[in-house]
Amino acid sequence: MASSIASRSSLPFELVENILYKVPVESLVRFKSTCKQWCALLNDSRFIYKHLKLSREGLIRVHDHKLYQYINLETLALSSLQGPSNIYSMIHCDGLLLCQFKSDNIDRNLAIWNPFLSLVKWIKLSISYTGHWDIYGFGYDNLSRENYKILRFCNKLGYEEAEIYEFKTKLWRSVDYSCAYSWYAWYDEAVSMDGNMYWFVKRDKENSQTENFILCFDFSREIFKETCCLPFINRDDVWLLPHLSGFRGDRLSKLSKDKYGKIQVWVTNKVTDEVVSWSKYFNVTPQNLSILSRESINNTTFFIHKTNRIMLWCKEEDVKNKDIYVNVYEICEGVVEKLVETGRHRRGDKGCITKIGYIFVPSLVPVPE
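Take the sequence shown: its position 21, counting from 1, is numbered 21 in the working numbering, and each next residue is one higher.
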């Protein structure tokens, strides 16, 4: 072991550091015990955030109540992880997951979790906690990357409130709600990107119509703001919700299906631009695939993997034997390729989780204290 460390140390440490930037997080965690110099580097925030910037997105899903799967979209390697039980919703930011739980114990309803560091921090709920009516956001102040914050808001049944939990103070405090009235968010279709939160939002209008748009919460300025309207949304197939994802770190993408079975992928320009708008990225019309069914498309996680290609993680049902299959597909115009089956179970099994998965980037970012 001593000779091994000596041979490593004979390399210029700058070269060692550049090599480590390319090593996946699951290996870096083990490398912390190699020597003090490596341990110090892997705990340094400069290295942690540069490594995060160079890392690629993958997908994570709740496989059972306390078992999780992570798939690397480059290698299609599937990892099994163990974490806290009874998660029903997650928001990803910097390799950290803000998790909501189904629990009667109010001290076990909200937590921050880094799956690859096996670290969990439970968050004391606000005294205004209202249960399943609450919507959460997770991001950070761009002036201080490590200043992570949680947003909680509720506007159901005439009750309106918005609060911020800041890890520096470990307290909840009220924030301005004036730009967030008369609307409701599809909380499972939310993205934390570049420190801010984005939701699909519906707002009721006076003529009994609704309008759809993207609402942002800016964690640096601590304000709500409307980002842009939504392009055409399946008015003939109202039961099909669009799906929201990030794109290239500074744009949003949207996936939906029309009544003819065509999958549409839309993207925005940079969300920091003065005017944000959508443009159609590409269409896909695969034939006779169960991924086009109502249940499958509504339980889908997607990611734009390459130009005009998406990765789709969805579950499908075999009508004859009533088995549920969880598969990863790569889809482009005219081509649908099944890449890997990640699980199967019987319809109605207790381990069946509705939300299929989330975009996730493994990181060494520590869970905030």
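By construction, the Cβ of each residue, glycine as well, lies at the ideal position given by its N, Cα and C atoms. Since the model is a prediction, treat every value here as computed from it, not as a measurement.
Worksheet entry | Pair within 8 Å by beta-carbon distance, Glu57 and Phe303 | yes
Discussion item. Between Phe360 and Ile60, how many whole angstroms is the CB-CB distance? I'm expecting something under 8 Å.
Written reply: 4 Å
Item to complete: Can you tell me the Cβ-Cβ gap for Asn147 and Tyr140, rounded? I've got them flagged as a contact below 8 Å.
Response: 6 Å
Worksheet item: Quick one, which of Ala162, Glu166 and Asp104 has its alpha-carbon nearest Ser128's?
Response: Ala162
Worksheet entry | Sheet register partners of Glu316 (DSSP bridge) | Tyr325
Fill in: Three-way DSSP call (helix, strand, coil) for Trp239 in this model
Confidence is the limiting factor: at Trp239 the pLDDT is only 40, short of 50, which leaves the residue's position unreliable and the question unanswerable from this model.
Worksheet item: Buried or exposed: which applies to Glu74, given that a residue is buried once 16 or more other Cβ atoms fall within 10 Å of its Cβ?
Response: exposed
Worksheet item: Where Ala2 and Cys35 are concerned, what is the direct C-alpha to C-alpha distance, given to the nearest angstrom?
Response: Low local confidence applies: a pLDDT of 43 at Ala2 is under 50, so the model's placement there is unreliable, with the coordinate-based value given in what follows. Distance between the alpha carbons of Ala2 and Cys35 is about 10 Å.
Item to complete: Could you give the DSSP three-state label for Gln209: helix, strand or coil?
Response: coil
Worksheet item: According to the Cβ coordinates, are Ser192 and Arg152 closer than 8 Å?
Response: no
Worksheet item: Excluding the five sequence neighbours on either side, which residues of its own chain have a C-beta within less than 6 Å of the C-beta of Val16, listed in chain order?
Response: none
Item to complete: Identify whether Ile123 lies in helix, strand or coil by the three-state DSSP scheme.
Response: coil
Worksheet item: Mind checking whether Met197 and Phe167 have CB atoms under 8 Å apart?
Response: no
Discussion item. Just list the residues that DSSP pairs Lys149 with in beta bridges.
Written reply: Gly139 and Glu166
Item to complete: Report yes if the CB atom of Trp38 is closer than 8 Å to the CB atom of Phe47, and no otherwise.
Response: no
Worksheet entry | Distance between beta carbons of Leu312 and Tyr325, contact taken as under 8 Å | 13 Å between Cβ atoms; not a contact.
Worksheet item: Apart from the five residues on each side of it in sequence, which residues of its chain come closer than 8 Å, Cβ to Cβ, to Leu76?
Response: Val328, Leu339 and Val340
Worksheet item: What's the C-alpha gap between Tyr70 and Glu206?
Response: 45 Å
Worksheet item: Nearest to Lys102 by alpha carbon, out of Arg346, Ser45 and Gly131?
Response: Gly131
Worksheet item: In chain order, what residues of the same chain have a beta carbon less than 8 Å from the beta carbon of Ser33, not counting five sequence neighbours either side?
Response: Cys39
Practice prompt. Buried or exposed for Pro12, please, with buried defined as at least 16 other CB atoms from any protein chain shown within 10 angstroms of its CB.
Written response: exposed
Discussion item. Please state whether the Cβ-Cβ distance between Leu98 and Ile112 is less than 8 Å.
Written reply: yes
Worksheet item: For Leu11, which three-state DSSP category applies?
Response: coil
Worksheet item: Is Leu110 near Ile91, with beta carbons less than 8 Å apart?
Response: no
Fill in: Start-to-end residues for the alpha helix (DSSP H) that takes in Ala40
Lys36 to Leu42
Practice prompt. Determine the DSSP secondary structure at Phe217, reduced to helix, strand or coil.
Written response: strand
Discussion item. Closest to Val175 by C-alpha separation, out of Gly246, Val276, Ile223 and Phe200, would be which residue?
Written reply: Ile223
Discussion item. Using DSSP's beta-bridge definition, name the partner residues of Val271.
Written reply: For Val271, which the question treats as bridged, DSSP gives no partner whatsoever.
Item to complete: In the DSSP assignment, find the beta strand (DSSP E) that holds Leu97 and state where it starts and stops.
Response: Leu96 to Phe101
Fill in: Helix, strand or coil at Gly375 [DSSP, three-state]
Any property of residue 375 remains undetermined from this structure, which presents the chain solely from 1 to 369.
Practice prompt. Return helix, strand or coil for Val25, following the three-state DSSP convention.
Written response: helix
Worksheet item: Three-state secondary structure (DSSP) at Gly195?
Response: coil
Worksheet item: Would Thr169 be called buried (16 or more neighbouring beta carbons within 10 Å of its own) or exposed?
Response: exposed
Item to complete: Enumerate in chain order the residues of its own chain whose CB-to-CB distance from Tyr68 is below 8 Å, with the five nearest sequence positions on each side excluded.
Response: Ile60, Arg61, Val62, Ser80, Leu81, Gln82, Gly83 and Pro115
Item to complete: Drop a sphere of 10 angstroms on the beta-carbon of Leu28, count the other beta-carbons inside from all chains shown, and report buried for 16 or more, exposed for fewer.
Response: buried
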